[in-house]
Ligand code: PEP
Ligand code: MN
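Residue numbers (my numbering): 1 to 264.
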């Protein structure tokens, strides 16, 4: 059972959680090529991102959309992480893939669509890797915390929670960002909580405002989609920041972090 004691989670060389700097995870929605990924990794690292992300098994709404590069993409992500000295995270969509992922990534991401996939949660709990657990798109805070407990009860306390917006009547954003959930989950569980402003917004122009709000609400980190050519991205281009805008966001976020007693 979770207690309210504050925890930090170690992802490769990076510590996330209470008392740690606000950690930024950045990278493309999907890994598309080694060259493209390397270039994004170099740019986000220079701006201050600590962890590299990239999806390679994609859960798309349409079966006709790009489904990701699979294991080839994981190899590219692992290589880019080594080249730029960044731990890497990627979404896993099946419990049958655990062994494959543990070879290539420093943290497993369980996405909104799989937050209540109990078989996957339990397998992640036995994987020996930290787990980034996104909030389901229609999940209450309590359901989200129970999903974390499935992982923790398998003997893996290294869970990082990620608020990425929920479905409401409001359709001005892709999902409705819920900053209160960040504060509640931190208060009730002591787990690190990060925010994903990209999937909440669905629109790159809103990513900065949501990021600043998340840090002010106590987020221990951010997960932000970045692409060199968002117009040509294979997925989620409309919400992806160009590297220059990502750098500008990082510069604006640092004083907000300091205002709530955090480094960044
Ligand atoms: C993603 O991180 O690219 C993703 C699919 O996110 P979510 O599970 O939050 O929709
Ligand atoms: Mn995405």
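The beta-carbon is built from N, C-alpha and C at its ideal position, and this holds for glycine as well.
Would a C-beta distance cut-off of 8 Å place residue 18 and residue 189 closer than the cut-off?
Taking the first residue of the chain shown as 1, we reach residue 18 at position 18. Taking the first residue of the chain shown as 1, we reach residue 189 at position 189. Going by C-beta atoms, residue 18 is not nearer than 8 Å to residue 189.
Taking only the alpha-carbon atoms, compute the straight-line gap between residue 82 and residue 88 and give it to the nearest angstrom.
For the purposes of this step, residue 82 is taken as residue 82 along the chain shown, with counting starting at 1. For the purposes of this step, residue 88 is taken as residue 88 along the chain shown, with counting starting at 1. Cα-Cα distance, rounded: 9 Å.
Just checking, does the stretch 250–260 make contact with the stretch 211–223 on the three C-beta pairs under 8 Å criterion?
yes
Below 6 Å CB to CB, which residues in the same chain sit around residue 213 once its five sequence neighbours on both sides are set aside?
Position 213 of the chain shown holds residue 213. Only 179 meet the Cβ criterion.
Quick one: is residue 101 buried, meaning 16 or more other Cβ sit within 10 Å of its Cβ, or exposed?
As a first step, residue 101 must be located in the chain shown, where it is residue number 101. Residue 101 comes out buried.
Taking all protein chains shown into account, do 16 or more other C-beta atoms lie within 10 angstroms of the C-beta of residue 227, making it buried, or fewer, making it exposed?
To locate residue 227, count along the chain shown from 1; it is residue 227. Flag for residue 227 reads buried.
For a test of the three-state rule: what should DSSP assign to residue 191, helix, strand or coil?
For the purposes of this step, residue 191 is identified with residue 191 of the chain shown, where counting begins at 1. Three-state result, residue 191: coil.
So, is residue 244 buried or exposed, given that buried needs 16 or more other C-beta atoms within 10 angstroms?
To locate residue 244, count along the chain shown from 1; it is residue 244. By the 10 Å Cβ count, residue 244 comes out exposed.
With H, G and I counted as helix, E and B as strand and the rest as coil, what does DSSP make of residue 145?
For this step, residue 145 is matched to residue 145 along the chain shown. Of the three classes helix, strand and coil, the one that applies to residue 145 here is helix, per DSSP.
What is the residue span of the beta strand (DSSP E) that residue 26 lies within?
By 1-based counting over the chain shown, the position of residue 26 is 26. In this chain, the beta strand (DSSP E) harbouring residue 26 covers 23–27.
Mark residue 30 as exposed unless 16 or more other C-beta atoms lie within 10 angstroms of its C-beta, in which case mark it buried.
Position 30 of the chain shown, counted from the first residue, corresponds to residue 30. Buried, because 16 or more other Cβ atoms sit within 10 Å of the Cβ of residue 30.
For residue 91, the residue or residues it bridges with in DSSP
Against the chain shown, residue 91 aligns to sequence position 91. Answer is 109.
Would you list, in sequence order, the uninterrupted beta strand (DSSP E) runs of no fewer than 3 residues that lie entirely inside the stretch 215–255?
221–225
Based on Cα-Cα distance, which residue from 32, 86 and 10 lies nearest to residue 47?
Taking the first residue of the chain shown as 1, we reach residue 47 at position 47. When only C-alpha atoms are compared, the closest one is 86.
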